[in-house]
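Numbering (our numbering), first residue to last: 2 to 195.
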């Protein structure tokens, strides 16, 4: 299990967070943040609301930024977490409702699973979530790697990631090598349980 980073690391105070936000005026940084928010808001969230919520969490100290972590990466991870939690809370919109007469074994059998299957699926989902969190943690100080990981998580191609975040090919390839090396070191025998 992951340890709580905030327990081991000094975090930014409210005043330091305010200074980081005020210093966050460079157009390229703001553009990156808006692009990240736009990618994460695909589940019905407004990108501006996502940015505002992440900033509010930081200002209210409900989400603490460890000292030494790039503030853009911190906000991107906060937005990713907000979007993920929003997806979990959201009820399915495309549920097919059958009337009593239409509830044939054919229709129902396709959409149901056994308690064992549900339990296994939940265990796998939790395991994947932990691994993803661990991998993001490996790159909490590496803005480019974090952006690439977020793009990969959204199933974007290398070209889409480079174009969306204005990353040149050399920088992208170098970051991908860093990602591979660190992940290989963290999981030398692969990430799956044996």
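Note that CB positions come from ideal geometry on N, CA and C, so glycine has one too.
Source: prediction; values computed, not measured.
Original post:
Can you tell which of 20, 87, 184 and 125 has the C-alpha that lies nearest to the C-alpha of residue 147?
Top reply: For this step, residue 147 is matched to residue 146 along the chain shown. Among 20, 87, 184 and 125, the Cα nearest to that of residue 147 belongs to 184.
**OP:** Return the CA-CA distance between residue 76 and residue 69, expressed in angstroms with no decimal places.
**Re:** Here residue 76 refers to the residue found at position 75 of the chain shown. Here residue 69 refers to the residue found at position 68 of the chain shown. Between the C-alpha atoms of residue 76 and residue 69 there is a straight-line separation of about 14 Å.
Original post:
What residue ranges within the segment 4 to 65 form continuous alpha helix (DSSP H) runs of no fewer than 4 residues, ordered along the chain?
Top reply: Entirely contained in the segment 4 to 65, the alpha helix (DSSP H) runs reaching 4 residues are, in chain order, 6 to 9, 15 to 24, 28 to 41 and 48 to 60.
Original post:
Between which two residues does the alpha helix (DSSP H) containing residue 148 stretch?
Top reply: Within the chain shown, the letter at position 147 stands for residue 148. 144 to 154 is the span of the alpha helix (DSSP H), which, as asked, contains residue 148.
Subject >> Nearest-angstrom Cβ-Cβ length linking residue 72 and residue 25, presumed shorter than 8 Å >> reply: What you label residue 72 is simply residue 71 of the chain shown in a count that begins at 1. What you label residue 25 is simply residue 24 of the chain shown in a count that begins at 1. Contact flag correct, Cβ pair sits at about 7 Å.
Original post:
In three-state terms, what does DSSP make of residue 189?
Top reply: Along the chain shown, one-based indexing puts residue 189 at 188. Here residue 189 sits in coil by DSSP.
Original post:
Tell me which same chain residues have a C-beta within less than 6 Å of the C-beta of residue 21, skipping the five on either side of it?
Top reply: On the chain shown, residue 21 is found 20 positions in, with the first residue counted as 1. Cβ contact annotation for residue 21 (same chain, cutoff 6 Å, sequence separation greater than five): 72, in chain order.
**OP:** Leaving out five residues on either side along the sequence, give the residues of the same chain with a beta carbon under 6 Å from the beta carbon of residue 37.
**Re:** In the chain shown, residue 37 corresponds to position 36, counting from 1. Excluding sequence positions up to five before and after residue 37, its CB lies within less than 6 Å of the CB of 77, all in the same chain and listed in chain order.
Original post:
Who pairs with residue 67 in a beta bridge, going by DSSP?
Top reply: Within the chain shown, residue 67 is the residue found at index 66, counting from 1. Residue pairing by DSSP places residue 67 opposite 12 in a beta bridge.
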